[in-house]
Amino acid sequence: MSDRLLAFVASAVPVTPGADEARSWLEDELLDPVYHRSRSLLQRFLDWLQQQFEGAPRFGAPSLVVAAVVVGVLLVVAVLAFWVAGPVRRSRRVRAAGALRAGDDRRTAAELRAAADEAANQGRWGLAVAERFRAIVRDLEQRTVLDDRPGRTADEAVDAAAARLPELDADLRRAARRFDDVVYGDGPADATDDTWLRGLDDSVARARVSAGISTPSEAGTHGGGPT
2 MSDRLLAFVA SAVPVTPGAD EARSWLEDEL LDPVYHRSRS LLQRFLDWLQ
52 QQFEGAPRFG APSLVVAAVV VGVLLVVAVL AFWVAGPVRR SRRVRAAGAL
102 RAGDDRRTAA ELRAAADEAA NQGRWGLAVA ERFRAIVRDL EQRTVLDDRP
152 GRTADEAVDA AAARLPELDA DLRRAARRFD DVVYGDGPAD ATDDTWLRGL
202 DDSVARARVS AGISTPSEAG THGGGPT
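Residue numbering for the sequence shown follows the numbering used here, beginning at 2 and increasing consecutively.
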């Protein structure tokens, strides 16, 4: 939204532009690129509003009425823009908050642990938490406790792992929540998180793995099923 129109709406001092000036303000507002990315319902509505101003007489309209119309139009535009843009931002964030690691990330568990150690030594606790959790999941994949699926989410990895490591179910789910909070929620992390995840990594490495199959897809992979 243009600075001049924002200043007009936010001003506590009453302003009463003339018809020509009000029309000019609306035309300037409609030049904002955000309204021209697609011929949406919002765009058609704005075009209709502009046509109403173009058809209005240039002289004789009471200034207060013109000002009220401009303010009303701006409020409607602001509400519609928020309504349209909000779901778009949320859907983009949901799409981004997906994979535990990228499909082309083929690092081993040892390499991921080394990356976590390096990040911790630099005080980059968020990265240390992320890499440590990835190392835990990658280690389970290398041990064939989990199938190798780089595109899985943290929750999917934990759901599968918990079936094979039931005694660590609660800790694994807590670790997945911390991973999501740090990586996708921009949550803070500190040395305590890193220390706790190191301990969980050790516990996972020592844990006795159940013979049960963790997911239906893995049943086909490992040959499990009713006998």
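Built from N, CA and C at the ideal position, the CB exists for glycine as well. Please read all numbers here as calculations on a predicted model, not as lab measurements.
Other residues of its chain near residue i: CB distance less than 6 Å, five sequence neighbours each side excluded
i	result
P189	none
V146	R165 and V210
R174	V159
Backbone CA spacing between residue i and residue j [nearest angstrom]
i	j	result
S211	F134	21 Å
D170	V159	8 Å
A208	Y185	29 Å
A161	I137	13 Å
A155	Q143	17 Å
A98	S25	For A98, the pLDDT reaches just 47, beneath the cut-off of 50, and the residue's location in the model is therefore unreliable, leaving the point undetermined.
R153	L101	6 Å
R45	D187	37 Å
Q123	G73	53 Å
D182	V77	35 Å
R199	R108	18 Å
L128	D148	25 Å
G104	R178	21 Å
E157	L75	45 Å
Delimiting residues of the alpha helix (DSSP H) encompassing residue i
i	result
A208	Looking at the DSSP string, A208 is not in any alpha helix (DSSP H), and its letter there is neither H nor E.
Q123	Careful: Q123 lies outside any alpha helix (DSSP H) and carries neither H nor E.
R175	D170 to V184
R165	A155 to R165
Residues near residue i in its chain [Cβ-Cβ closer than 7 Å; skip 5 each side]
i	result
W126	A190, D191, A192, D194 and D195
D106	P151
L201	I137, D172 and A176
A110	A136, R139, D140 and Q143
F180	V130, A131, F134 and A155
Neighbourhood of residue i by C-beta, 8 Å cutoff - its chain only, sequence neighbours within 5 removed
i	result
S204	L169 and D172
R114	E132, R133, A136 and D202
- contact_flag[the region 118-125, the region 159-167] where n(CB pairs < 8 Å) is 3 or more: no
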